[in-house]
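In this note's numbering, the protein residues as written are 5 to 663.
Cβ coordinates follow ideal geometry from the N, Cα and C atoms, glycine included.
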Ligand SMILES: Cc1cc2nc3c(=O)[nH]c(=O)nc-3n(C[C@H](O)[C@H](O)[C@H](O)COP(=O)(O)OP(=O)(O)OC[C@H]3O[C@@H](n4cnc5c(N)ncnc54)[C@H](O)[C@@H]3O)c2cc1C
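1) Using DSSP bridges, identify the partner residues of residue 288.
2) Which partner residues of residue 240 appear in the DSSP bridge assignment?
3) Quick check: what's the CA-CA separation for residue 595 versus residue 280?
4) Give the straight-line distance between the Cα atoms of residue 268 and residue 116, rounded to the nearest whole angstrom.
5) Kindly list the residues whose CB is nearer than 8 Å to the CB of residue 598, restricted to its own chain and excluding five residues on each side of it in sequence; keep chain order.
6) Buried or exposed: which applies to residue 659, given that a residue is buried once 16 or more other Cβ atoms fall within 10 Å of its Cβ?
7) Looking at residue 87: is its Cβ nearer than 7 Å to the Cβ of residue 193?
8) What separation, rounded to the nearest whole angstrom, lies between the Cα atoms of residue 335 and residue 314?
9) Could you give the distance in angstroms between the alpha-carbon of residue 321 and the alpha-carbon of residue 412?
10) Between residue 157 and residue 434, what straight-line distance do the alpha-carbon atoms span, to the nearest angstrom?
11) What residue from 34, 545, 144 and 223 has the CA that sits closest to residue 129's CA?
12) How would you write the range of the alpha helix (DSSP H) that residue 204 sits in, first residue to last?
13) Could you tell me the alpha carbon to alpha carbon distance between residue 611 and residue 625, rounded to whole angstroms?
14) Looking at residue 45 and residue 657, is the spacing between their C-beta atoms short of 7 Å?
15) Could you tell me the alpha carbon to alpha carbon distance between residue 225 and residue 247, rounded to whole angstroms?
16) CB residue 606 to CB residue 443, shorter than 7 Å?
17) Am I right that residue 422 and residue 354 are in contact with their C-beta atoms under 8 Å? What's the rounded C-beta distance?
18) What does a CB cutoff of less than 6 Å around residue 53 pick up in its chain, not counting 5 residues either side in sequence?
19) If you draw a straight line from the alpha carbon of residue 221 to that of residue 203, how long is it in whole angstroms?
20) Verify the contact flag: residue 81, CB atom, against every heavy atom of ligand 1, threshold strictly below 6 Å.
21) Flag residue 58 as yes when its Cβ comes closer than 6 Å to any non-hydrogen atom of ligand 1, and as no otherwise.
22) What residue range is occupied by the uninterrupted alpha helix (DSSP H) comprising residue 667?
23) Short of 6 Å in beta carbon distance, which residues of its chain neighbour residue 261, apart from the five on each side in sequence? Order them along the chain.
24) Does ligand 1 have a heavy atom nearer than 6 Å to the CB of residue 257?
25) Mind checking which residues open and close the alpha helix (DSSP H) that includes residue 338?
26) Nearest to residue 137 by CA position, among 533, 471 and 380, is which residue?
27) Which whole-angstrom value is the C-beta distance of residue 124 and residue 458, which I expect to be below 8 Å?
28) Could you give the DSSP three-state label for residue 211: helix, strand or coil?
29) Is there contact between the stretch 508 to 523 and the stretch 575 to 590, where contact requires at least three CB pairs shorter than 8 Å?
30) Does ligand 1 have even one heavy atom less than 6 Å from the beta-carbon of residue 609?
31) Following the continuous alpha helix (DSSP H) through residue 468, name the residue where it begins and the one where it ends.
32) Who are the near neighbours of residue 121 in its chain, counting only those whose CB is closer than 7 Å to its CB and skipping five residues on each side?
33) How do the stretch 499 to 509 and the stretch 207 to 219 stand: do at least 3 beta-carbon pairs fall below 8 Å, yes or no?
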């Protein structure tokens with residue numbers, strides 16, 4: 005490790021690399037080869053092996069059900085009252101798969117290519133290829149479970165398009181794809197609960213990881229109803245705990261989404277990769293005031309038929325949009341990107357919406373003096389397809405929009421604006437999805453693995469189910485096969501006791517502060533800092549400022565937060581939120597450091613200093629074609645950056661163009 009403190013903020017350590025993907029075979033054979041080389045655990049031995057799975061969204065639910073079905077003994081934890089309430093249920097638009105049902109020249113290779121290009125060449129080739137390869141199996145699996153995907157008149161599964169691609173490969177169930185897929189995974193999970201292989205722990209929040217002899221051996225969970233801390237041990241631990249977009253306070257994520265499990269693992273030795281890669285989704289209902297705690301997504305599928313525009317003249321922005329004639333409208337995505345039009349990737353659509361509003365051509369109410377909204381218009385689609393066809397495709401989304409805004413999108417264009425939606429960064433994993441702590445695996449949005457610097461629409465559900473149904477159940481065997489001789493780690497083992505005591509000490513400290521500020525008021529302040537300085541666009545000066553502001557806010561939190569109620573004997577949501585915010589206050593700082601160190605623009609990471617003449621992201625492949633994996637070194641200590649070089653043997657690195 006170098007002793008130099010870079011920018012006064014971090015040090016650089018040894019490079020790292022994935023060692024699990026077999027690189028001596030062609031890319032298309034990597035996954036089969038890895039599976040073939042993976043040691044197996046025979047069925048009689050599986051029932052002696054315990055696995056902890058935290059999270060029952062699409063990734064965790066699928067993993068727990070599959071591992072249970074294989075005969076392992078699984079303990080599944082989640083903080084909701086039912087496994088089927090995981091945030092995945094909110095997903096609207098669809099799930100990608102390279103089935104080529106539309107005969108539009110789709111293929112595994114094209115899905116792989118689109119995903120690497122969409123991620124602005126910052127993802128690992130081997131992982132992405134596997135994702136594309138497995139995608140077709142996912143659809144078959146879900147259809148077999150009875151997931152009611154939309155069908156065409158003839159009975160075949162229907163497809164639509166999402167951003168960043170020119171084929172139709174997105175399978176959907178109206179605007180409720182996540183819900184229907186999650187019900188499929190949930191049924192599979194409940195079947196295993198009945199069979200006795202999976203034991204569910206609802207309303208249990210993981211607050212600490214137990215590491216023994218350098219390996220992940222269990223978790224400390226807080227029973228949210230009683231406040232009691234409990235410890236659970238196993239042969240390995242799988243975290244499938246979702247994304248950390250709520251670090252921004254306002255996002256499209258469910259209120260409960262948080263980064264605690266991932267951050268606790270990071271503090272125990274798991275490197276955190278590319279934390280600054282955040283996805284800002286272009287089509288959300290604009291913020292309407294200061295008292296709001298949630299933003300609502302309008303699915304990207306709407307960009308299949310809706311047209312995005314702003315008035316050409318700033319003086320028209322206050323007019324009723326229906327009174328603005330065609331010639332005075334600027335369909336700016338169709339104008340700037342004629343090839344992809346309204347279906348450019350999310351990072352590009354979001355930045356252009358911001359540019360239009362910054363130019364003074366935004367519409368709707370002003371927030372901090374600027375109208376932050378653009379139109380998403382269905383008038384042409386209604387004329388072309390008829391109102392009934394539009395309603396059949398998007399009806400529930402239109403109803404949702406009308407309930408929230410009181411505007412009828414069949415009659416007047418929707419108003420939309422970008423909002424924080426997804427985090428491409430996450431815990432670093434190798435090809436097996438194993439972290440830098442042996443025996444700790446991460447699945448779904450909480451790992452960094454597949455989307456590079458920008459995720460394409462409908463690819464998160466694909467990744468969650470790929471990780472859960474296919475990757476984890478195959479790769480954990482390699483690790484578990486070495487653990488057959490292990491005995492259970494006893495509850496009084498010093499590492500188990502220490503992890504529980506640490507978790508208790510943290511809760512005691514939080515409860516003893518007894519200050520004057522609510523958890524939410526501090527969280528909102530953090531969100532504003534993150535949005536202002538580490539949001540849709542960033543610059544070095546702002547990021548340095550943000551690091552200082554977050555440090556001060558963290559001090560304020562640990563000296564002046566007020567948590568009413570008790571830690572035990574009752575539910576205490578303020579305490580739950582405080583624990584999550586404490587972790588966000590550390591993660592937010594790392595996001596800013598990561599964004600500051602990456603002196604280039606790529607995907608969702610747009611540094612104002614690095615742009616092309618046309619205002620597009622300007623990558624620096626010579627110096628930044630790597631995954632930034634950060635190591636925790638202690639509270640208040642500078643983190644260490646480990647670089648994993650990204651090697652492109654199959655795809656040529658190019659300036660991304662959707663024109
Ligand atoms: C509004 C919206 C719409 C979307 N639409 C689409 C779409 O159409 N297509 C697409 O591909 N993607 C979509 N996405 C993204 C996608 O929904 C998510 O990326 C994906 O569902 C994440 O799944 P997951 O299994 O990784 O995590 P989640 O579904 O977030 O599940 C996390 C699980 O972890 C548990 N958990 C977390 N922390 C703890 C802890 N400390 N202790 C115990 N349990 C814990 C939770 O209880 C939960 O069970 C959308 C996202 C949003 C916000």
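Reading it off the structure:
1) 301 and 421
2) 55
3) 5 Å
4) Computed Cα separation, rounded: 32 Å.
5) Closer than 8 Å at Cβ, skipping near neighbours: 278, 279, 280, 429, 632 and 634.
6) exposed
7) yes
8) 7 Å
9) Straight-line measurement puts the Cα of residue 412 at about 19 Å from the Cα of residue 321.
10) 43 Å
11) 34
12) Careful: residue 204 lies outside any alpha helix (DSSP H), inside the beta strand (DSSP E) at 202 to 205.
13) 15 Å
14) no
15) 19 Å
16) no
17) That pair is a contact at about 4 Å.
18) 76, 239 and 484
19) 17 Å
20) yes
21) yes
22) Shown here, the chain extends from 5 to 663; a query on residue 667 therefore has no answer.
23) 91, 246 and 250
24) yes
25) Where residue 338 is concerned, the enclosing alpha helix (DSSP H) stretches over 336 to 340.
26) 471
27) 6 Å
28) strand
29) yes
30) Incorrect: residue 609 has no Cβ contact closer than 6 Å to ligand 1.
31) 463 to 469
32) 660
33) yes
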